[in-house]
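A.B. asks: Before we start, here is the structure in question, set down as structure tokens.
Protein chains: 2
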Amino acid sequence: MKKGVLLINLGTPQTPTTEDVREYLQRFLSDPRVIDMPAWKWKPILNTMILPKRPAKSAKLYQQIWSPDHGSPLLYYTKQQALQLQKLLPDYVVKFAMSYSDPLISDVLTEFEAAKVDDLTIIPLYPQYSTTTVGSVADDINRFFYRRSVIPNLHLITDFCDFKPYIQALAAKIAASLAEFKPDLLLLSYHGIPKSYVAKGDPYQQRCELTTKLLLTELKLKVPVKQTYQSRFGPDEWLTPATDATLKTLPAQGVKRVLVASPSFVADCLETLHELEIENREYFLTSGGKDFALVPALNADPAFTQVLRQLVLQPR
Amino acid sequence: MKKGVLLINLGTPQTPTTEDVREYLQRFLSDPRVIDMPAWKWKPILNTMILPKRPAKSAKLYQQIWSPDHGSPLLYYTKQQALQLQKLLPDYVVKFAMSYSDPLISDVLTEFEAAKVDDLTIIPLYPQYSTTTVGSVADDINRFFYRRSVIPNLHLITDFCDFKPYIQALAAKIAASLAEFKPDLLLLSYHGIPKSYVAKGDPYQQRCELTTKLLLTELKLKVPVKQTYQSRFGPDEWLTPATDATLKTLPAQGVKRVLVASPSFVADCLETLHELEIENREYFLTSGGKDFALVPALNADPAFTQVLRQLVLQPR
Chain U
1 MKKGVLLINL GTPQTPTTED VREYLQRFLS DPRVIDMPAW KWKPILNTMI
51 LPKRPAKSAK LYQQIWSPDH GSPLLYYTKQ QALQLQKLLP DYVVKFAMSY
101 SDPLISDVLT EFEAAKVDDL TIIPLYPQYS TTTVGSVADD INRFFYRRSV
151 IPNLHLITDF CDFKPYIQAL AAKIAASLAE FKPDLLLLSY HGIPKSYVAK
201 GDPYQQRCEL TTKLLLTELK LKVPVKQTYQ SRFGPDEWLT PATDATLKTL
251 PAQGVKRVLV ASPSFVADCL ETLHELEIEN REYFLTSGGK DFALVPALNA
301 DPAFTQVLRQ LVLQPR
Chain C
1 MKKGVLLINL GTPQTPTTED VREYLQRFLS DPRVIDMPAW KWKPILNTMI
51 LPKRPAKSAK LYQQIWSPDH GSPLLYYTKQ QALQLQKLLP DYVVKFAMSY
101 SDPLISDVLT EFEAAKVDDL TIIPLYPQYS TTTVGSVADD INRFFYRRSV
151 IPNLHLITDF CDFKPYIQAL AAKIAASLAE FKPDLLLLSY HGIPKSYVAK
201 GDPYQQRCEL TTKLLLTELK LKVPVKQTYQ SRFGPDEWLT PATDATLKTL
251 PAQGVKRVLV ASPSFVADCL ETLHELEIEN REYFLTSGGK DFALVPALNA
301 DPAFTQVLRQ LVLQPR
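Residue numbers (full-length UniProt numbering), protein chains in the order written: chain U, 1 to 316; chain C, 1 to 316.
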């Protein structure tokens, strides 16, 4: 039996130019799992209000986090995760794909098919299940295999936030930062989603709260901890408390040194390297904060590759 | 983590009446995975040429295999397989479903959802993958989870004909018959499919040939063996040699005692209990054959439940 593993993350513009960012945003924001609005209502907004202006603004942000050596951090780290996992699983074919940029999920599934892989484990790289991320990946996979001639054994891991090795790797990463930086408070900032999605049954909020709980049990911290949600987009009400609003008010409450970790990202990207590291640091410091430090994502940390290996091999 | 197992087989009329057989055949023969023809072309044939007459004929066959105690053999054995597996896997929620009769796949998936099962292993009970069986099950599962809010970890086993414990259980079943009945030839009769499906990429024929090969390696037989395909339906060319044509010619070639096994069925059903046991026995005996014996399907044999358990728990 020929076995394979497919790691999937969100995607990235190919280059940090307005044109490429527009193409990426168009794909991303056209996914009905991401924007839960009828197409007839959303498409005109997307095409007349968002795609004309936002890509130029967004491209400037991407330029600030783009690596001269490696380009897109998300793409680079995902590639490293796949390469490292391939070394740990020499009998498997390990590949990675992206939901909204090359290599696209359907293209990579076609590669697995051509390679005659007959047992495929698919790991969307989102520890906390959400309809907006893992749900979208599952839809892509369903579309690919619907009415397909050959369907391999499929193992789809839709959530791993309560998988002990993941919690341990995340705790170790935070503990390493705590050994060098003593904060007044640890802020756990998760990517947010609209409250209406949760009301419709998305278990994401519950998965984030569970992650925080398991993480704190593992860490046995003495510093206070706060959980927030970041990356709000559009006019809807999103999960609260918001990361930015929280960081603006913390100094007045006596928190002068803050350590921020973002457990919903396993690879650094615009939301961590710019939104947290640049924007939110600024909010905190201009509101009276003294020191701001960010825990890096698990990225190419070999401990995380071990988590992925164990996810693939886990006894049932 | 709450784990579940779903066993799936084809289906059965609820009772062996013309009315119930019609409902069942309508569902079965309306599946585009089963009849690979555009609906505009097939529906009129189905509705004017098949559904008016065939159900009455078919109901008479079902009446001959219906168990006074247990009703439909396929439903009974599938239920037994699920009950036995539940005992072997007490920490799992084990259920079964049918593609074309109650309990339907979508209904049982809804039950797993209501039970908050977050890790689900799905085993279509067809050892040899075919688009017409496992492909259809996969489509049902895809349809159920497409755009669904909550998607559990999913493990879909699409083929297990080369899974060693299955081959061993099947070999043991055949060996048990051989201990009591010494045939001139062992006939392995698989359910057939149209040749055009194979040409379009259905790997079923290859999977049947592999099963035969692995089985013979395991059995180390002295009697000759022949592989055939049964259950042809409609005017298309199906895989050959055909079981019925073969059984009609074997006696003239000196085969007077034949043992028949049907590795594509893990539960006895119309195709084994009537088509093989009654019709094909008759063909063989009226063509000069002396003795005809049929190896029972794996059915509720505890050895097969162990195969299912190992399929669920198999190390990756």
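Cβ coordinates follow ideal geometry from the N, Cα and C atoms, glycine included.
Is the CB of threonine 131 of chain C under 8 Å away from at least one CB in chain D?
C.D. replies: You won't find chain D in this structure, because its protein chains are U and C.
A.B. asks: Can you have a look at alanine 179 of chain U and say buried or exposed, based on whether 16 or more other CB atoms are within 10 angstroms of its CB?
C.D. replies: The sequence position of residue 179 of chain U within the first sequence is 179, counting from 1. That one is exposed.
A.B. asks: Any beta carbon from chain C within less than 8 Å of lysine 200 of chain U's own beta carbon?
C.D. replies: Reading the first sequence from its first residue, position 200 is the one you call residue 200 of chain U. Closer than 8 Å to some Cβ of chain C, the Cβ of lysine 200 of chain U qualifies, so yes.
A.B. asks: Any chance you could list the beta strand (DSSP E) runs of at least 3 consecutive residues sitting entirely within the stretch 75–146 of chain C, in chain order?
C.D. replies: Correct list: 92–98, 119–124.
A.B. asks: Using the DSSP secondary-structure output, state which residues sit across from asparagine 9 of chain C in a beta bridge.
C.D. replies: As a working note, residue 9 of chain C is residue 9 in the second sequence. Beta-bridge pairing links asparagine 9 of chain C to C:Met98.
A.B. asks: What are the complete alpha helix (DSSP H) segments, minimum 4 residues, inside the stretch 145–233 of chain U?
C.D. replies: Taking only runs of at least 4 residues, the alpha helix (DSSP H) segments lying wholly in the stretch 145–233 of chain U are 164–180, 195–199, 204–219.
A.B. asks: Quick one: measure Cβ to Cβ for isoleucine 174 of chain U and leucine 247 of chain U, integer angstroms, because I've assumed they're closer than 8 Å.
C.D. replies: Along the first sequence, read from residue 1 onward, the residue named residue 174 of chain U stands at position 174. Along the first sequence, read from residue 1 onward, the residue named residue 247 of chain U stands at position 247. That pair is no contact at about 18 Å.
A.B. asks: Given a threshold of 16 other Cβ atoms within 10 Å of its Cβ, counted over all protein chains shown, does threonine 240 of chain C qualify as buried or as exposed?
C.D. replies: As a working mapping, residue 240 of chain C is identified with position 240 in the second sequence. That one is exposed.
A.B. asks: Which partner residues of phenylalanine 292 of chain U appear in the DSSP bridge assignment?
C.D. replies: Here residue 292 of chain U corresponds to residue number 292 of the first sequence, with the count starting at 1. For phenylalanine 292 of chain U, which the question treats as bridged, DSSP gives the partners U:Val258.
A.B. asks: Taking 8 Å as the threshold (C-beta atoms), are asparagine 142 of chain C and arginine 120 of chain C in contact?
C.D. replies: Numbered from its first residue, the second sequence carries residue 120 of chain C at position 120. Numbered from its first residue, the second sequence carries residue 142 of chain C at position 142. First, the amino acid is wrong: residue 120 of chain C is leucine here, not arginine. No, these two residues do not count as a Cβ contact at 8 Å.
A.B. asks: Go ahead and label threonine 217 of chain U buried or exposed: buried means 16 or more other beta carbons lie within 10 angstroms of its beta carbon, across all protein chains shown.
C.D. replies: The count along the first sequence starts at 1 and reaches residue 217 of chain U at position 217. Burial call: exposed.
A.B. asks: What does DSSP give as the partner residues of residue 317 of chain C in its beta bridges?
C.D. replies: What is shown of chain C runs 1 to 316, which leaves residue 317 of chain C out entirely.
A.B. asks: Mind checking whether alanine 300 of chain U and tyrosine 92 of chain U have CB atoms under 8 Å apart?
C.D. replies: Counting from 1 along the first sequence, the entry for residue 300 of chain U is found at position 300. Counting from 1 along the first sequence, the entry for residue 92 of chain U is found at position 92. Taking 8 Å as the Cβ cut-off, alanine 300 of chain U and tyrosine 92 of chain U do not qualify as a contacting pair.
A.B. asks: CB-CB under 6 Å to cysteine 80 of chain C, same chain, minus the five flanking residues each way: which ones, in chain order?
C.D. replies: By one-based count along the second sequence, residue 80 of chain C stands at place 80. As written in the sequence, residue 80 of chain C is glutamine, which differs from the cysteine given in the question. Answer for glutamine 80 of chain C: Ala300, listed in chain order.
A.B. asks: Give a yes or no on whether the minimum CB-CB distance between valine 134 of chain U and chain C is below 8 Å.
C.D. replies: Here residue 134 of chain U is taken as the residue at index 134 of the first sequence, counted from 1. With 8 Å as the cut-off, valine 134 of chain U counts as an interface residue toward chain C.
A.B. asks: Distance, Cα to Cα, cysteine 208 of chain U vs glutamate 237 of chain U?
C.D. replies: Indexing the first sequence from 1 puts residue 208 of chain U at position 208. Indexing the first sequence from 1 puts residue 237 of chain U at position 237. Between cysteine 208 of chain U and glutamate 237 of chain U, the C-alpha separation is close to 18 Å.
A.B. asks: How is the alpha helix (DSSP H) around glutamine 306 of chain C delimited, first residue to last?
C.D. replies: By 1-based counting over the second sequence, the position of residue 306 of chain C is 306. Segment 302–313, the alpha helix (DSSP H) holding glutamine 306 of chain C.
A.B. asks: Helix, strand or coil for serine 287 of chain U per DSSP?
C.D. replies: By 1-based counting over the first sequence, the position of residue 287 of chain U is 287. Of the three classes helix, strand and coil, the one that applies to serine 287 of chain U here is coil, per DSSP.
A.B. asks: Taking the alpha-carbon positions, what's the residue 343 of chain C to valine 255 of chain C distance?
C.D. replies: Outside the modelled stretch of chain C, which goes from 1 to 316, sits residue 343 of chain C, for which no answer is possible.
A.B. asks: Is it the case that the Cβ atoms of valine 117 of chain C and lysine 200 of chain C are separated by a distance below 8 Å?
C.D. replies: In the second sequence, the residue the question calls residue 117 of chain C occupies position 117. In the second sequence, the residue the question calls residue 200 of chain C occupies position 200. No, the pair does not count as a contact, with Cβ atoms beyond the cut-off.
A.B. asks: What three-state label does DSSP hand leucine 67 of chain U in the structure shown?
C.D. replies: Here residue 67 of chain U is taken as the residue at index 67 of the first sequence, counted from 1. The residue asked about is misnamed: residue 67 of chain U is serine in this sequence, not leucine. Strand.
A.B. asks: Measure how close the beta-carbons of lysine 182 of chain U and arginine 257 of chain U come, nearest whole angstrom, since I'm counting them as under 8 Å.
C.D. replies: Counting from 1 along the first sequence, the entry for residue 182 of chain U is found at position 182. Counting from 1 along the first sequence, the entry for residue 257 of chain U is found at position 257. About 7 Å separates the two Cβ atoms, so the contact holds.
A.B. asks: Taking the alpha-carbon of proline 302 of chain U as reference, which of U:Leu6, U:Leu88, U:Leu51, U:Thr249 has the nearest alpha-carbon?
C.D. replies: Within the first sequence, numbered from 1, the residue matching residue 302 of chain U stands at position 302. Residue U:Leu88 is the option with its Cα nearest to proline 302 of chain U.
A.B. asks: Going by DSSP, what residue range makes up the alpha helix (DSSP H) through threonine 249 of chain C?
C.D. replies: By one-based count along the second sequence, residue 249 of chain C stands at place 249. Segment 243–249, the alpha helix (DSSP H) holding threonine 249 of chain C.
A.B. asks: For phenylalanine 160 of chain C, which residues in the same chain have their Cβ closer than 7 Å to its Cβ, ignoring the five residues on either side in sequence?
C.D. replies: For the purposes of this step, residue 160 of chain C is taken as residue 160 along the second sequence, with counting starting at 1. Here the set comprises Pro127, Tyr166, Leu311.
A.B. asks: Could you tell me which of C:Phe284, C:Phe233, C:Glu277 sits nearest to proline 251 of chain C, measuring between CA atoms?
C.D. replies: Counting from 1 along the second sequence, the entry for residue 251 of chain C is found at position 251. The residue with the shortest Cα to Cα distance from proline 251 of chain C is C:Phe284.
A.B. asks: Mind the definition here: the stretch 191–206 of chain U touches the stretch 130–138 of chain U only if three or more C-beta pairs lie below 8 Å; say whether that holds.
C.D. replies: Because the criterion of three Cβ pairs below 8 Å is met, the stretch 191–206 of chain U and the stretch 130–138 of chain U touch.
A.B. asks: Consult DSSP for lysine 2 of chain C and reduce its assignment to one of helix, strand or coil.
C.D. replies: In the second sequence, the residue the question calls residue 2 of chain C occupies position 2. In this structure, lysine 2 of chain C counts as coil in the three-state DSSP scheme.
A.B. asks: Nearest-angstrom Cα distance between leucine 187 of chain U and alanine 245 of chain U?
C.D. replies: Position 187 of the first sequence, counting from 1, holds the residue named residue 187 of chain U. Position 245 of the first sequence, counting from 1, holds the residue named residue 245 of chain U. Those two C-alpha atoms are separated by around 12 Å.
A.B. asks: The stretch 138–158 of chain U: which residues have C-beta closer than 7 Å to a C-beta of chain C, in chain order?
C.D. replies: Flagged, chain order: Ala138, Asp139, Asn142, Phe145, Tyr146, Arg147, Ser149, Val150, Ile151, Pro152, Asn153, Leu154, His155, Leu156, Ile157, Thr158.
A.B. asks: Are the C-beta of proline 38 of chain U and some C-beta of chain C separated by less than 8 Å?
C.D. replies: Here residue 38 of chain U corresponds to residue number 38 of the first sequence, with the count starting at 1. False, the Cβ-Cβ gap to chain C never drops below 8 Å.
A.B. asks: At a Cβ threshold of 8 Å, is proline 241 of chain U touching chain C?
C.D. replies: Counting from one through the first sequence, the residue named residue 241 of chain U turns up at place 241. For proline 241 of chain U, the answer is no, since every Cβ of chain C falls outside 8 Å of its Cβ.
A.B. asks: Could you check whether alanine 297 of chain C and leucine 259 of chain C sit closer than 8 Å to each other, using their CB atoms as the reference points?
C.D. replies: Translated into the one-based positions of the second sequence, residue 259 of chain C becomes position 259. Translated into the one-based positions of the second sequence, residue 297 of chain C becomes position 297. It is not a contact, given that the beta carbons lie outside the stated cut-off.
A.B. asks: Which residues in the same chain have their Cβ closer than 8 Å to the Cβ of leucine 215 of chain U, if we skip the five residues on either side of it in sequence?
C.D. replies: The sequence position of residue 215 of chain U within the first sequence is 215, counting from 1. If we look at leucine 215 of chain U and ignore the five residues flanking it on each side, its Cβ neighbours are Ile167, Leu170, Ala171, Ile174, Leu188, Pro263.
A.B. asks: Straight-line CA distance for valine 34 of chain C to phenylalanine 233 of chain C?
C.D. replies: Here the question's residue 34 of chain C lines up with position 34 in the second sequence. Here the question's residue 233 of chain C lines up with position 233 in the second sequence. In a straight line, the C-alpha of valine 34 of chain C is about 11 Å away from that of phenylalanine 233 of chain C.
A.B. asks: Quick one: list the residues of chain C neighbouring proline 194 of chain U, beta-carbon separation under 8 Å, in chain order.
C.D. replies: The residue you call residue 194 of chain U lines up with position 194 of the first sequence. Chain C residues near proline 194 of chain U: none, gap ~14 Å exceeds 8 Å.
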